[in-house]
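Chemist: My structure is below; once you've seen it, I'll send some questions.
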Amino acid sequence: MKKRAAAAAVLASLITSSIALSGGDAYAQDENQVYKNENGEIHTIVGDLQKLAGATPQERAFRALEQVKGDYGIRDVSEFVPGEVVRNGVVTSSSPKSAKSFSAQSLGDVHTKFDRKLDGIPVYGEQLIMHEKNGQFTGVTGKYKALKETASAPVIGLTEAIERAISFTGFSGQLSVPAAGELVYLPVEDQAVLAYKVTVCYLDSDSPGDWILFVNAVEGEVIRSLNKLAGVKSTAATTAGTGSGASGAAKLHTVKKGADFYLEDRSKAMYLKGGTITTYTFNYGSISQTYVTDKDNVWTDEAAVDAHVNVGKVYDYLLKVLGRDSYDGQGTSIVSGVHYSNGYNNAFWSGAMQQMVYGDGDGAEMSSLSSGLDVTAHELFHAVTEYTSGLEYYGQSGALNESWSDAFGAAVDGDDWMIGEDIWTPGVPGDALRYMDDPTKGDPLYAQPGHMDDYVDTYEDNGGVHINSGIPNKAFYKFATSIGSRDEAIKIWYLAATAYMTPTTDFSGAREATLLACKELYDKSSSTYKALEAAWTSVGVK
Ligand code: ASN
Ligand code: ZN
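With mature numbering (1 follows the signal peptide of the UniProt record, and there is no 0) applied, the sequence shown covers -22 to -1, 1 to 520.
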């Protein structure tokens, strides 16, 4: 590697537009290419294909890190601790030791994730992923910023932090799962603030909450908070599906225990590992769930039947098209709870509860949410995101989190570019909550931008996660229609999520992440690759 640092500096100043980016091809292969977002932060480095020394992916990844530390300005590479190794979209190793077995060449593409730690404490959301192909350095994705620790040890204890977090939410009733917390460093500008990351989940409320809160471990104040269920009603009530009851005629996999039948599906490959699809009911309440049972195995609870059938379809798609066994890739059981609350116009994946929750809708704005296949797919993909890219549910990374769920919903649904058409305003035929082909369509309250020129800067809706998702949604639509296959398009989106995206990936980084995933599956000179570049460019993402 010659004069790499100098070359990178030149590139960094040149590469600020898509024209300059494509000019990157002209550079010699033995130089790294540096890609930045609109704020000048590096999110992607395309590597020089140098051979990396080392017997394991982790050893080679450390070599790769050495090669880019100058570009990123990394002070101390020991802040980076190797974690998961991903190959062919599958986590092959989560511990450095067990990676010894695959060290040879002709491995194909291997991605090694580094989590950042300061004094052994995780830095929230900070990750770099090293990419290699047959032992050659192909690049790095992720962002880096030098951080100064505010403290090395907490002053307040975990119990107090949890109390402060709960009191911040304003909820004083029974939590759905016990609140939990861990010590992290939260990056805030150039500081690493020692904080407890606390999760608080309560469904027994008119406005349920599924929160992540950061409590300063020295001063005790809440320094950042995200309620996944906040702002949904006022901005973009939810994703959606169909209320026709067509699935009433569907075949169901159930289990007989004693005299009763249960909505438990043991027919999927996941059952080899004990995994089932099980549907419960909240019985129009918000605290406890019970089994949905039936005496004669002829099921009449439409919402329960639809949830059960639709989760089965989404499971099959994940396995057949993406090769993923359940949301975590490990065949873990998929749990749904229907009839949550009264007339509730939403459905969600709860990370705290590790399950899906469906309202019945109020019958005017929405009908029962489980009847929308794209709703179920959308919600379940939030779980996939949690186990892969981990995209933070705020701002651009949050809009990507939303968009990847919509894209998956459209891929599974297959026949239209509407989201939630089956459950949206049952009295108005033909409309939908969101339109991926033209995000500006529909109810003005929920209309979205479809181009970066119309990007909405807001603190509402967790920084516009359901608003600006229109931009990557349109890119997905453009790409999938231009190559003529939703399945092929979502495969690239999925590989990007498993191997190239980090919790803080932004729109510009998502463009490069999908291009790298596309390069892994297709040739760079392929029409697919060109269509993907064109799709992102058409929505103004450089
Ligand atoms: N249905 C919503 C969604 O998945 C729930 C939420 O706001 N997270 O986007
Ligand atoms: Zn969502």
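Note that CB positions come from ideal geometry on N, CA and C, so glycine has one too.
Sorted by chain position, which residues of the same chain lie with C-beta nearer than 6 Å to Met479's C-beta, five sequence neighbours on each side aside?
Modeler: Here the set comprises Ser367 and Ala491.
Chemist: Indicate whether Asp340 and Asn323 have their beta-carbon atoms separated by less than 8 Å.
Modeler: Yes, Cβ-Cβ distance for Asp340 and Asn323 is below 8 Å.
Chemist: Give the secondary structure of Asp54 by DSSP, where H, G and I count as helix, E and B as strand, and everything else as coil.
Modeler: DSSP places Asp54 in coil when its eight states are reduced to three.
Chemist: Does DSSP classify Arg202 as helix, strand or coil?
Modeler: Strand.
Chemist: Using C-beta distances below 7 Å, list every residue in its chain close to Val88, excluding the 5 sequence neighbours before and after it, in chain order.
Modeler: Excluding positions up to five away in sequence, the list reads Pro35, Val63, Arg65 and Glu110.
Chemist: Grab me the residues of Lys95's own chain with a C-beta within less than 7 Å of its C-beta, minus the 5 sequence neighbours each way, in chain order.
Modeler: Closer than 7 Å at the Cβ level, and outside the excluded window around Lys95, lie Glu57, Val59 and Val101.
Chemist: Sorted by chain position, which residues of the same chain lie with C-beta nearer than 7 Å to Gly518's C-beta, five sequence neighbours on each side aside?
Modeler: His429, Met430 and Asp431, listed in sequence order.
Chemist: Does the distance from the CB of Ile179 to the CB of Ser154 come in under 8 Å?
Modeler: The displayed chain sequence assigns Cys, not Ile, to residue 179. Yes, they are a contact pair.
Chemist: What residue range does the beta strand (DSSP E) around Ile255 cover?
Modeler: It spans Ile255 to Thr259 - the beta strand (DSSP E) in which Ile255 sits, taken as one unbroken run.
Chemist: Quick check: is any heavy atom of ligand 2 less than 7 Å from the C-beta of Ser383?
Modeler: For ligand 2, at least one heavy atom lies less than 7 Å from the Cβ of Ser383.
Chemist: Lys211 to Ser319, Cα distance in whole Å?
Modeler: For Lys211, the predicted structure reports a pLDDT of 38, less than 50, and the residue's modelled location is therefore unreliable. The matter cannot be settled from this model.
Chemist: Just the C-alpha distance for Ser486 and Leu369, rounded to the nearest angstrom, thanks.
Modeler: Their Cα atoms are separated by approximately 14 Å.
Chemist: Could you check which residue in Asp238, Val390 and Gly462 has the C-alpha nearest to that of residue 558?
Modeler: As shown, the chain starts at -22 and ends at 520. That puts residue 558 outside it, with no answer to give.
Chemist: Going straight from the alpha carbon of Thr506 to that of Ala475, what length do you get?
Modeler: For Thr506 and Ala475, the distance between alpha carbons rounds to 18 Å.
Chemist: Lys291: which of Val335, Val270, Glu280 and Ser245 sits nearest, CA to CA?
Modeler: Per the Cα distances, Ser245.
Chemist: With 16 other CB atoms within 10 Å as the buried threshold, where does Asn17 fall?
Modeler: With fewer than 16 other Cβ atoms within 10 Å, it is exposed.
Chemist: Classify Tyr437: buried if its beta carbon has 16 or more other beta carbons within 10 angstroms, exposed otherwise.
Modeler: With fewer than 16 Cβ atoms within 10 Å of its Cβ, Tyr437 is classed as exposed.
Chemist: Report back the beta-carbon spacing between Ile468 and Val353 to the nearest angstrom; my notes put them in contact at under 8 Å.
Modeler: At roughly 17 Å, the Cβ-Cβ gap does not stay under 8 Å, so Ile468 and Val353 are not in contact.
Chemist: Any contact between the region 300 to 315 and the region 158 to 165? By contact I mean 3 or more CB pairs, one from each, below 8 Å.
Modeler: Output reads no: the region 158 to 165 does not touch the region 300 to 315.
Chemist: Following a CB-centred definition, is Glu498 positioned closer than 7 Å to any heavy atom of ligand 2?
Modeler: No, Cβ of Glu498 sits at least 7 Å from all heavy atoms of ligand 2.
Chemist: Following a CB-centred definition, is His429 positioned closer than 7 Å to any heavy atom of ligand 2?
Modeler: Incorrect: His429 has no Cβ contact closer than 7 Å to ligand 2.
Chemist: Note down, in chain order, each residue of its chain lying with its Cβ closer than 8 Å to the Cβ of Glu127, except the 5 sequence neighbours on either side.
Modeler: Hits under 8 Å: Leu96, Asp97, Tyr163, Gln169, Ala170 and Leu172.
Chemist: Following a CB-centred definition, is Glu380 positioned closer than 7 Å to any heavy atom of ligand 2?
Modeler: Because some heavy atom of ligand 2 lies under 7 Å away, the Cβ of Glu380 counts as near it: yes.
Chemist: Would you please state the rounded distance, in angstroms, between the beta carbons of Glu511 and Leu493? I believe it to be under 8 Å.
Modeler: 7 Å between Cβ atoms; contact.
Chemist: Indicate the three-state DSSP secondary structure (helix, strand or coil) for Pro35 in the structure shown.
Modeler: The answer is helix: DSSP assigns Pro35 an H, G or I state.
Chemist: Indicate whether Thr116 and His21 have their beta-carbon atoms separated by less than 8 Å.
Modeler: Contact flag unset, no.
Chemist: In the structure shown, what three-state DSSP assignment does Val68 receive?
Modeler: In this structure, Val68 counts as strand in the three-state DSSP scheme.
Chemist: Quick one: what's got a C-beta closer than 7 Å to Tyr371's C-beta in the same chain, skipping five residues either side?
Modeler: Cβ neighbours of Tyr371 beyond the five flanking positions: Leu204, Lys206, Asn379, Asn440 and Val443.
Chemist: Can you tell me where the alpha helix (DSSP H) holding Ala495 begins and where it ends?
Modeler: Where Ala495 is concerned, the enclosing alpha helix (DSSP H) stretches over Phe485 to Leu499.
Chemist: Between Gly135 and Ser183, what straight-line distance do the alpha-carbon atoms span, to the nearest angstrom?
Modeler: When rounded, the distance between both Cα atoms is 28 Å.
Chemist: Could you give the first and the last residue of the continuous beta strand (DSSP E) run that contains Leu172?
Modeler: Counting along the chain, the beta strand (DSSP E) containing Leu172 begins and ends at Gln169 to Tyr180.
Chemist: Please say whether Gln28 and Gln114 have beta carbons closer to each other than 8 Å?
Modeler: For Gln114 and Gln28, yes; Cβs fall inside 8 Å.
Chemist: Of all the options Arg38, Arg142 and Ala389, which has the alpha carbon lying nearest to the alpha carbon of Val196?
Modeler: Val196 has its Cα closest to that of Arg142, out of Arg38, Arg142 and Ala389.
Chemist: So Tyr336 and Ala281 are in contact, right, with Cβ under 8 Å, and what is the actual spacing, rounded?
Modeler: Sure, about 7 Å apart at Cβ, within 8 Å.
Chemist: Beta-carbon within less than 7 Å of Leu297's beta-carbon, same chain only, minus the 5 sequence neighbours each way: which residues are those?
Modeler: Contacts found: Ala247 and Asp303.
Chemist: In or out: Lys502 buried (at least 16 other Cβ within 10 Å) or exposed?
Modeler: Its Cβ having fewer than 16 others within 10 Å, Lys502 is exposed.
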